[in-house]
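Heads up, my numbering is the position in the sequence shown plus 79, with the first residue counted as 1.
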Amino acid sequence: TPAGYDLEILEARIIEHRPKVFFTQPRLQSPTGSTAVLSHLHRVLQLAEKYDFIVVENDIYADLDPEFRPSLASLDQLRRVIYVSSFSKTISPNIRVGYLAANPGQLEELARLKMISGLTSSEFTERLAYGALIDGRWRKHIKTLRDRLALGQQQLATRLLGIGFELFSEPKAGMFLWARHPAVQNAAELAYKAAEQDILLGPGHLFSVDLEPSPWLRFNVAWADDEAVLRFLAALKAA
Numbered sequence: 080t081p082a083g084y085d086l087e088i089l090e091a092r093i094i095e096h097r098p099k100v101f102f103t104q105p106r107l108q109s110p111t112g113s114t115a116v117l118s119h120l121h122r123v124l125q126l127a128e129k130y131d132f133i134v135v136e137n138d139i140y141a142d143l144d145p146e147f148r149p150s151l152a153s154l155d156q157l158r159r160v161i162y163v164s165s166f167s168k169t170i171s172p173n174i175r176v177g178y179l180a181a182n183p184g185q186l187e188e189l190a191r192l193k194m195i196s197g198l199t200s201s202e203f204t205e206r207l208a209y210g211a212l213i214d215g216r217w218r219k220h221i222k223t224l225r226d227r228l229a230l231g232q233q234q235l236a237t238r239l240l241g242i243g244f245e246l247f248s249e250p251k252a253g254m255f256l257w258a259r260h261p262a263v264q265n266a267a268e269l270a271y272k273a274a275e276q277d278i279l280l281g282p283g284h285l286f287s288v289d290l291e292p293s294p295w296l297r298f299n300v301a302w303a304d305d306e307a308v309l310r311f312l313a314a315l316k317a318a
């Protein structure tokens, strides 16, 4: 939901499947761009305690959030939450450097699994990330990035609303908008037509486990001033 989780459905699925691990992205979630409210975070932790499962929190967009909201991990103090993040969204997509935080009892096993699955990370990219973090311009870079994304959010939202799109949640921060148009029942069909004009769209079915048709599209706010994309979408206004 725009406010986070559908808590009734979430608990029903937990009861049905009895998961050992719950993977979630509560902040600036992809593809919707929504952020879970604080009460939802507390409820997730209550469910984890009640049904005895681990929560893996994917928080790769944390640095893009200007509101400094608490994470599941900070609320839980790493008792049941494993926190995962990355620098690929803030430094460069080519900097494939991430990190995790967990309680000491889990770290040794996680480190062992890392060695088994991928050996070691690139020291070169790790040093690049380290250099960026200790550079005195890091905070200015993050603020500039947030400001650009906020402007892109507002510009793209205004254009999409003008064409007749409905937004899933209020545009505030982050890289994505999730939207649908009343003239589009299957976004994949629209994406195919766009591809014929060398325009890449993100139809909603790509973000679904079952790949069922969806009217929703994920828009990257970097397209806020891409006139070719906006002209293509404007044709929907007459539909």
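Built from N, CA and C at the ideal position, the CB exists for glycine as well.
Do the CB positions of Leu239 and Leu228 come within less than 9 Å of each other? No; because the gap between Cβ atoms is not below 9 Å, this pair is not in contact.
Determine the DSSP secondary structure at Gly83, reduced to helix, strand or coil. Coil, per DSSP.
Leaving out five residues on either side along the sequence, give the residues of the same chain with a beta carbon under 7 Å from the beta carbon of Phe132. Excluding the 5 residues flanking it on each side, Phe132 has same chain C-beta neighbours closer than 7 Å at Pro98, Lys99, Val100 and Phe101, in chain order.
Buried or exposed: Val300, going by 16 or more other Cβ atoms within 10 Å of its Cβ? Under this definition Val300 is a buried residue.
Delimiting residues of the alpha helix (DSSP H) encompassing Tyr271: Ala266 to Ala274 is the span of the alpha helix (DSSP H), which, as asked, contains Tyr271.
Cβ pair count under 8 Å reaching 3, the stretch 107-120 against the stretch 255-263: Flag = yes, the stretch 107-120 and the stretch 255-263 touch.
Under 9 Å between C-beta atoms of Phe244 and Arg259: Against a cut-off of 9 Å, the Cβ pair of Arg259 and Phe244 comes out as a contact.
When burial is assigned at 16 or more other CB atoms within 10 Å of the CB, is Tyr271 buried or exposed? Classification of Tyr271: exposed, given that the 10 Å Cβ count is below 16.
Below 9 Å between beta carbons: does that hold for Ser293 and Gly112? No, the pair does not count as a contact, with Cβ atoms beyond the cut-off.
Between Leu295 and Gly283, is the Cβ-Cβ spacing less than 9 Å? First, the residue type needs correcting, since residue 295 is Trp and not Leu in the sequence shown. Between Trp295 and Gly283, the C-beta spacing is below 9 Å.
Own chain residues within Cβ distance below 7 Å of Ala91, not counting five before or after: Same-chain partners within the cutoff: there are none.
Please state whether DSSP places Leu256 in a helix, a strand or coil. Secondary structure of Leu256 (DSSP, three-state): strand.
Considering only the beta carbon of each residue, do Asn182 and Arg158 sit closer than 9 Å? Yes, these two residues count as a Cβ contact at 9 Å.
In three-state DSSP terms, what is Tyr130? Three-state DSSP puts Tyr130 in a helix.
In terms of alpha-carbon separation, which member of Ser150, His121, Ile242 and Ala262 lies closest to Ala313? From the listed residues Ser150, His121, Ile242 and Ala262, the smallest Cα separation to Ala313 is found for Ile242.
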